[in-house]
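Only one structure is covered here, and it is reproduced in the block below.
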Amino acid sequence: MSFKKEDEMSYRHDKTAVIQEARVFNQSSISPRRCRILLTKILYLLYTGEKFSQQEATDLFFGATKLFQNKDAGLRQMVYLAIKELAPCAQDVIMVTASIMKDMQPNTEVVYRPNAIRALMRVIDPSMVQGIERYLKSAIVDRNPSVSCAALVSSYHLFVESRDVVKRWGNEVQEAINMRPAVTQNTSSFSGFGGLHSGITLRFGGGGSDSASHAVEQTNVPSMSYLMQYHALGLLYLMRQNDRIAVTKMVQQLGQPRQGVVLRNPYALCMLVRYTARIAEEDPNMRASLIQLLEGWLRHKSDMVNYEAARALCTMPGVPAEPQTKAISVLQMFLSSPRSVLKFAAVRTLAELAQLRPAAVQSCNVDMESLITDSNRGVATYAIATLLKTGNESSVDRLIKQISGFMSDISDEFKVIVVDAIRSLSFKFPSKQAAMLGFLAGILRDEGGYEFKRCVVEAIFAMARYVRGCKEAALSHLCEFIEDCEFTKLNVRILHLLGAEGPRMPEPHKYIRFIYNRVILENAIVRAAAVNSLAKFGAYNEHLTARIRVLLRRCLEDVDDEVRDRATYALHTLEPPSMPVITLDDTPNLQVLEQSLQSYVDSMATSAPFDYESVPRALDGPETESGPASDPLLPTGGAPGTAGAMMGVEGGTGGVMAGIGGEGAGLSAANTMGAEASGLDAYADHATELASIAEFASYGKLLTTSPVNAPVQLTESETEYIVTAYKHVFAEHIVLQYNVTNTLAEIVLEDVVVVVGGLMEAGLEEEFILPIPCLSSATPSGKVYVSIRRDPSLPFPLATLTNTLRFVSKEVDPSSGEPEPEGYQDEYQTEELDVGVADFLQPVELDFAMTWDTLPASASETFALTALESLDASCSTLVELLGMQALGGTDVPANPSVHTMMLAGLLACPGGLETVLARVRMMHQPSEGVTMELSVRAPSDEACLFILSAIA
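Rendered as structure tokens:
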């Protein structure tokens, strides 16, 4: 259309008006232009989320099908588009199949065939695929690219529900990859995919009766004419993805073309590069030959193929230095490209590589210096972040000054990248801490979302903890920040840090004002955290105790009961108690306590105080667990003993029935000693090794080590640095042992430590790190120990810990074999390390029936394990999660529908090893999965609930 009218081209119409206007489809004289505009309105409503009822969609669908007889090509194409979008919500759409298939015939005009193929896939039933198989197979090998692409894309959709049928089309899909398209007048329509090279010379058979004996040479065919190669390659991989050998063979054949099989489409080549990189990562035996393929694609004439190959070589672990250097050279050329997309892609990849190998990226620093002032702020941000990781100490001040100039112009996503780079730089150049801390404090006062502010706060936390000499300045900046912080979570975290570190500062009194302001000005959650922080100042510093008591007494009149309760508890810990404090050993029967308090409130005539001592204790209550371990699991509501335990299965968890046994308060000495002896045999080697280290001599007996037989793999075995871990649990400490191996003979690592993150959230505190002095080719392996103190108030901490390998890297002089005198601080991020329930338990063999009745505390909970399909899978999963020993062969179910498993273990409590037992009653129903009742008995309620938390 060479003109438009605003009233006709405005699509913001009401659905009812459009449905009324659709009566035009039933008129005898059809106006193609008016119908096209109406179909556009319908599509606009669908694309903007408008919902049509099933009857409305059906009426519109069949109204549009009446336009099939019109000869207008544009209208026919709009009809197919409307059919595709209305088919999912209309009824009886299969009735239009015959009309669509008329336009799929080979003798039909080419303009209709692709639209008909795509529309047919939306209306047919999967059972009809075999009936149209020959049409689709012939369309796949059609020499018109648009027809072939339509058939291949439709095959993607059919593969989900007709996998076996589509797999039979492998020969046709392979032929589509090898096929040379016919050159038609609309070939140039593919040039709209943007900036791709042309000028490819092809030879193929011409049309007509003498096509077999004549060859026509055609030049200037756009590479996007081979778009069907892209779709065909993806479909072929989908068919073979479960066959590693077939995929490898496909990559080798297409990567080393012979007999004219050439991938000419850049999209297809990019996809092939990704398949090649994936196989090279998964199969070390094929890596060398596949890296050569990737290196060859660095010289391809398409920029996107060059970049994809360079990115694969830069991000793949274990790539030799020479190919990676060539890839970096390609990315360096892109840095000077006039196209922003190439600059952004190159600098982002170099920024990722700089995290692992900053020395390799230093050759690009000159080019990235010019990108700091780039108009694209994304490019400038990544350039700054890379320069911060690869630059020297003298450039820090200049880079930070340049960053400050455009921080307000970039989004929070890019601000986080800059903050992460500053955080890493603070560990590399500690002498520049003042400039970097000032920069972080400055941007903390700027506008930004929660994720950005959290990232800045975490960076200041890390500097306060690991950079010597900046803790006091960091706490001061955080105090100023909470004066105007709108995020509750950040306020609570900062208050916790101030309470932990503030009392130990030279002038602790200057932080109290900022903390008490939170009690006056903030919401209840922040006020409660502030009360806890104030209490720590009074507990750790006796000179401030009296002043803190005054502030805490003011909190006793707070409107929130949580704040009042915390203030009351804190006052009792800071002065002689005026009323009895409830301890875990003196827990009242909560149901009786509630009834007694309610009765006392209702009868206000008496002036006598409430008699707390008259409330019976939980030890006086009846047991909730009754019945032998051999009782079968009954269905919900089947028996009185299990009806309560089975409630809440629909939601995945039931109520915790925490009963305290009144009889048999302890194990016999013989049973306890035998259980401990049998459980510690597997840990003898670790215990001997740790006992020989002077720093751990005062920790006492090693309680558990997890895992026992093989360490946790924190890195891949093919990486430059291999890191594995053990978790050793003592009565008051957890010792993390990291086994580190340096596989690079040309690099020497000195002062190797592991920085552990995520301790504060779990209530853990790092005490010290025993580093590895040196890792070289002579001594490539060593052990780093991190000592962590367990909080007595949290006897069983659970955490997900981040681990960062930090060291001084020095290159070895090839001539002398000695490391260079100057090195640089570097770090290497590993996988996370989980501290779970199984880490505090060790399996033990004992008499289940005799021990069960002697344990005083018990708890029970019901779970619906919908993800597990059998009792066998449930048993193996539970043994792994709990880390306990299955007794009497109960880990192998004898009945596929009902089973009871008995477990025993030794729990590493602050007072030593304690025996815990678990009884698992399981019932499997094919329609509902596995329903499980887990009953635990232990010496304390905390231990019982801790075992239950492994499932919840």
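Per the numbering used here, the sequence shown starts with residue 1141, numbered consecutively.
Glycine included, C-beta positions come from ideal geometry on N, C-alpha and C.
Source: prediction; values computed, not measured.
Is the beta carbon of residue i sitting closer than 7 angstroms to the one on residue j?
| i | j | result |
| --- | --- | --- |
| L1854 | E1971 | yes |
| A1902 | P1932 | no |
| F1579 | E1533 | no |
| V1470 | N1446 | yes |
| A1157 | I1182 | no |
| V1269 | L1298 | yes |
| N1516 | S1551 | no |
| Q1542 | C1504 | no |
| M1379 | K1277 | no |
| L1493 | V1501 | yes |
| H2039 | M2024 | no |
| C1175 | L1215 | yes |
| S1566 | M1603 | yes |
| A1259 | K1224 | yes |
| L1375 | S1295 | yes |
| L1714 | T1685 | yes |
Would you mind giving the Cβ-Cβ distance between residue i and residue j, rounded to the nearest angstrom? I have them listed as a contact below 8 angstroms.
| i | j | result |
| --- | --- | --- |
| D1953 | E1962 | Going by Cβ atoms, the distance from D1953 to E1962 rounds to 12 angstroms, so no, they are not a contact pair. |
| P2105 | S1302 | Only positions 1141 to 2092 of the chain appear in this structure, which leaves residue 2105 out of reach. |
| S1927 | E1907 | 4 angstroms |
| T1628 | N1663 | 6 angstroms |
| D1974 | T1940 | 5 angstroms |
| G1840 | A1885 | Wrong, their Cβ atoms sit about 41 angstroms apart, outside the cutoff. |
| Y1415 | Y1377 | 6 angstroms |
| A1372 | I1317 | 5 angstroms |
| V1556 | F1601 | Not quite, the Cβ-Cβ distance comes to about 15 angstroms (not below 8 angstroms), so this is no contact. |
| L1186 | E1161 | At roughly 15 angstroms, the Cβ-Cβ gap does not stay under 8 angstroms, so L1186 and E1161 are not in contact. |
| M1508 | L1527 | 6 angstroms |
| L1830 | V1880 | 17 angstroms between Cβ atoms; not a contact. |
| V1597 | L1638 | Contact flag wrong, Cβ pair sits at about 12 angstroms. |
Looking only at its own chain, which residues have a Cβ that is under 8 angstroms from the Cβ of residue i, when we skip the five neighbours before and after it?
| i | result |
| --- | --- |
| E1858 | P1424, P1457, G1458 |
| Y1656 | A1670, L1674, L1691 |
| Y1370 | N1405, Y1407, A1408, M1411 |
| F1883 | Inspection of the sequence shows that residue 1883 is occupied by Thr rather than by Phe. T1859, E1860, Y1861, I1862, P1920. |
| L1899 | E1905, E1906, I1928, A1939, L1941 |
| K1144 | Reliability of the predicted coordinates at K1144 is poor, the pLDDT of 47 falling under 50, and no value is obtained from them. |
| E1835 | F1908, L1910, Y1925, S1927 |
| P1172 | N1210, D1212, G1214, L1215 |
| V2032 | D2012, C2015 |
| P2050 | A1871, E1872, R1930, P1932, P1935 |
Using a Cβ-Cβ cutoff of less than 6 angstroms, which residues in the same chain neighbour residue i once the five nearest sequence positions on both sides are dropped?
| i | result |
| --- | --- |
| P1756 | N1729, V1732 |
| E1682 | none |
| P1254 | S1286, V1287, A1290 |
| E1790 | For E1790, the predicted model reports a pLDDT of 33, less than 50, meaning its position is unreliable; a value from the coordinates is still stated below. Correct list: empty, nothing qualifies. |
| R1427 | A1420 |
| D1698 | R1704 |
| A2048 | L1843, T1844, V1869, F1980 |
| A1230 | A1197, T1198, F1201 |
| A1448 | Note on residue identity: the sequence assigns Glu, not Ala, to residue 1448. Counting only Cβ-Cβ distances below 6 angstroms, and skipping sequence neighbours, we find C1410, V1413. |
| L1934 | G1903 |
Please list, in chain order, all residues of the same chain as residue i whose beta carbon is under 7 angstroms from its beta carbon, the five residues on each side excluded.
| i | result |
| --- | --- |
| S1477 | K1483 |
| T1455 | E1492 |
| E1702 | A1664, A1668 |
Closer than 6 angstroms: is that where the CB of residue i sits relative to any heavy atom of the ligand COA?
| i | result |
| --- | --- |
| R1258 | Absent from the structure shown: the ligand COA. Ligands present: none. |
Inter-stretch contact (C-beta, 8 angstroms, three-pair minimum) for the region 1704 to 1714 and the region 1736 to 1743: no
Meets three-Cβ-pair contact criterion under 8 angstroms: the region 1514 to 1522 and the region 1571 to 1589: no
What ranges does the alpha helix (DSSP H) occupy inside the region 1919 to 1950, keeping only unbroken runs of at least 4 residues that lie completely in it? none
For the region 1381 to 1398 against the region 1287 to 1305, are there 3 or more C-beta pairs whose distance is under 8 angstroms? no
Touch test, the region 1880 to 1899 against the region 1979 to 1995, Cβ-Cβ under 8 angstroms, three pairs minimum: no
Just list the beta strand (DSSP E) runs in the region 1210 to 1247, keeping only unbroken ones of 3 residues or longer that don't cross its boundaries, in chain order. none
With contact counted as at least three CB pairs below 8 angstroms, one residue from each stretch, are the region 2063 to 2074 and the region 2004 to 2022 in contact? yes
Counting only runs that start and end within the region 1458 to 1501, where is the alpha helix (DSSP H) found for 4 or more residues in a row? 1461 to 1475, 1480 to 1496, 1498 to 1501
4-residue-minimum alpha helix (DSSP H) runs that sit fully inside the region 1995 to 2032, ordered along the chain: 2011 to 2022
At which residue ranges does the region 1829 to 1910 contain complete beta strand (DSSP E) runs of 3 or more residues, listed in the order of the chain? 1844 to 1846, 1861 to 1869, 1873 to 1882, 1887 to 1897, 1905 to 1910
Fully enclosed by the region 1525 to 1556, which alpha helix (DSSP H) runs are 4 residues long or longer? 1536 to 1546
Run through the region 1667 to 1713 for me and flag every whole alpha helix (DSSP H) of 4 or more residues, listed as ranges in chain order. 1685 to 1695
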